[in-house]
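Just so we're aligned, residue 1 is where the sequence shown starts under the UniProt record's numbering, counting upward by one.
One structure is given below, encoded as structure tokens.
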Amino acid sequence: MKRTRSLRRRTAVAAVAAAPVLFLAGCGDGGNGSAATTASPTASASVPAGEHNQADVDFAQEMIPHHRQAVMMSDMAETRASSDEVKTLAAKIKQAQEPEIATMSAWLTAWGEEVPQGMDGMDHGDATSMPGMMDDHQMDDMRGASGTAFDTMFLTMMIKHHEGAIEMAETEKEEGAYGPAKELADDIITAQKAEIAQMKQMLGTN
């Protein structure tokens with residue numbers, strides 16, 4: 001899936017005055033949820049540690065509402081899903097992505113940037129402009145479903161949602177400058193590709 005909108009690239013980067021941010025490694029294991037670890041920011045040889053650019057800001061401001069929707073979808077599975085496997089996967093997604101939301105929010109605060117509220121991206125307003133985001137009608141359909149119908153809907157929509165997150169993370173890896181953000185993007189790609197494979201197997205489409 002090709003991204004419909006390129007993140008803006010600015011030539012200037014701003015140094016983060018704050019101390020290294022607590023980095024919460026989200027769903028990088030593809031199976032162990034997320035763990036909080038204190039780590040010093042790392043960066044490529046050409047980018048000093050702690051510096052970021054507009055691509056990093058856009059990544060955080062878009063991925064936060066994107067993750068929030070995945071958490072909301074996962075919350076629905078607790079009471080609407082019939083499959084224990086779906087419920088377990090949904091809990092794993094929520095466990096991984098909530099700490100990542102906190103991490104990215106801390107970055108934005110340290111950079112003096114606004115943290116998005118709800119599920120709208122800062123630069124877009126309409127959340128569906130982000131890859132893989134469900135619109136209000138699709139979310140309402142999920143709320144109205146239960147049992148095996150919900151299971152199928154959850155897996156189908158979460159595959160699309162994960163594919164969008166992977167696209168956004170790949171853009172961050174290509175255009176971002178902040179080491180921890182690029183590392184998180186890599187974790188997202190690894191974990192969510194594994195979860196997509198799992199969900200396709202659960203749907204019988206592999």
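Yeah, the Cβ is synthetic: ideal placement off N, Cα and C, and Gly gets one too.
Keep in mind the model is a prediction, meaning the values are calculated, not measured.
Length of the line joining the Cα atoms of A106 and I64: The residue labelled residue 106 in the question sits at position 106 within the sequence shown. The residue labelled residue 64 in the question sits at position 64 within the sequence shown. Distance between the alpha carbons of A106 and I64 is about 11 Å.
I'd like to check one pair, M133 with Q69: are the Cβ atoms closer than 8 Å? Start at 1 with the first residue of the sequence shown, and residue 69 comes out as number 69. Start at 1 with the first residue of the sequence shown, and residue 133 comes out as number 133. Judged by beta-carbon spacing, M133 lies within the 8 Å limit of Q69, meaning their Cβ atoms are closer than that value.
Apart from the five residues on each side of it in sequence, which residues of its chain come closer than 8 Å, Cβ to Cβ, to G125? Locating residue 125 in the sequence shown gives position 125, counting from the first residue. Caution is warranted here: a pLDDT of 46 is assigned to G125, below 50, making its placement in the model unreliable, and the coordinate value is therefore given only provisionally. Non-local C-beta neighbours of G125 in its own chain, meaning closer than 8 Å and more than five positions away in sequence, are absent.
For the structure I just gave you, are there three or more beta carbon pairs, one from the segment 140 to 155 and one from the segment 171 to 184, closer than 8 Å? These segments do not touch.
Whether S129 touches R80 by CB criterion (8 Å): Along the sequence shown, one-based indexing puts residue 129 at 129. Along the sequence shown, one-based indexing puts residue 80 at 80. Cβ atoms of S129 and R80: not closer than 8 Å.
Who are the Cβ neighbours of A77 in its own chain at under 7 Å, not counting the five residues just before and after it? If you number the sequence shown from 1, residue 77 lands on position 77. Within the same chain, V86, K87, A90, F154 come within 7 Å of A77 by CB-CB distance, once the 5 residues on both sides are set aside.
To the nearest angstrom, report how far apart Q138 and P180 are at their CA atoms. Position 138 of the sequence shown holds residue 138. Position 180 of the sequence shown holds residue 180. So the alpha carbons of these two residues sit roughly 33 Å apart.
Can you tell me which of T205, G204, I166 puts its alpha carbon nearest to the alpha carbon of K182? Start at 1 with the first residue of the sequence shown, and residue 182 comes out as number 182. Among T205, G204, I166, the Cα nearest to that of K182 is on I166.
Does A91 come out as helix, strand or coil in the three-state DSSP assignment? Taking the sequence shown and counting its residues from 1, one reaches residue 91 at position 91. Here DSSP, grouped into helix, strand and coil, assigns A91 to helix.
Cβ separation of residue 208 and M158, assumed to be a contact under 8 Å, to the nearest whole Å: Within the shown structure, residues of the chain are numbered from 1 to 206, placing residue 208 beyond reach of any answer.
Thinking P99 and Q61 are a contact (beta carbons under 8 Å), I'd like their distance in whole angstroms, please. Taking the sequence shown and counting its residues from 1, the one referred to as residue 99 is at position 99. Taking the sequence shown and counting its residues from 1, the one referred to as residue 61 is at position 61. Going by Cβ atoms, the distance from P99 to Q61 rounds to 18 Å, so no, they are not a contact pair.
Helix, strand or coil at E51 according to DSSP, with G and I counted as helix: For this step, residue 51 is matched to residue 51 along the sequence shown. E51: strand per DSSP, three-state reduction.
Counting only beta-carbon atoms, is H162 nearer than 8 Å to chain C? Given the protein chain composition of this structure (a single chain), no chain C is represented.
Between which two residues does the alpha helix (DSSP H) carrying T190 extend? By one-based count along the sequence shown, residue 190 stands at place 190. Run containing T190: 179 to 203, per the alpha helix (DSSP H) assignment.
Taking the alpha-carbon of K200 as reference, which of E163, P131, A102, L108 has the nearest alpha-carbon? Here residue 200 refers to the residue found at position 200 of the sequence shown. Restricting attention to E163, P131, A102, L108, the CA atom closest to the CA of K200 is found in E163.
Go ahead and label residue 228 buried or exposed: buried means 16 or more other beta carbons lie within 10 angstroms of its beta carbon, across all protein chains shown. The first residue shown for the chain is 1 and the last is 206, placing residue 228 beyond what the model contains.
Would A197 pass as a contact of A185 if the rule is Cβ separation under 8 Å? Numbered from its first residue, the sequence shown carries residue 197 at position 197. Numbered from its first residue, the sequence shown carries residue 185 at position 185. Taking 8 Å as the cut-off, the Cβ atoms of A197 and A185 do not count as close.
Just the C-alpha distance for A45 and K193, rounded to the nearest angstrom, thanks. Here residue 45 is taken as the residue at index 45 of the sequence shown, counted from 1. Here residue 193 is taken as the residue at index 193 of the sequence shown, counted from 1. Residue placement at A45 is flagged as unreliable, the pLDDT there being 40, under the threshold of 50; a coordinate-derived value is accordingly withheld.
E114 classed as buried or exposed, judged by whether at least 16 other C-beta atoms fall within 10 angstroms: As a position in the sequence shown, residue 114 is number 114, starting the count at 1. Classification for E114: exposed.
Do H66 and Y178 have their beta-carbon atoms positioned less than 8 Å apart in this structure? Here residue 178 refers to the residue found at position 178 of the sequence shown. Here residue 66 refers to the residue found at position 66 of the sequence shown. Going by C-beta atoms, Y178 is not nearer than 8 Å to H66.
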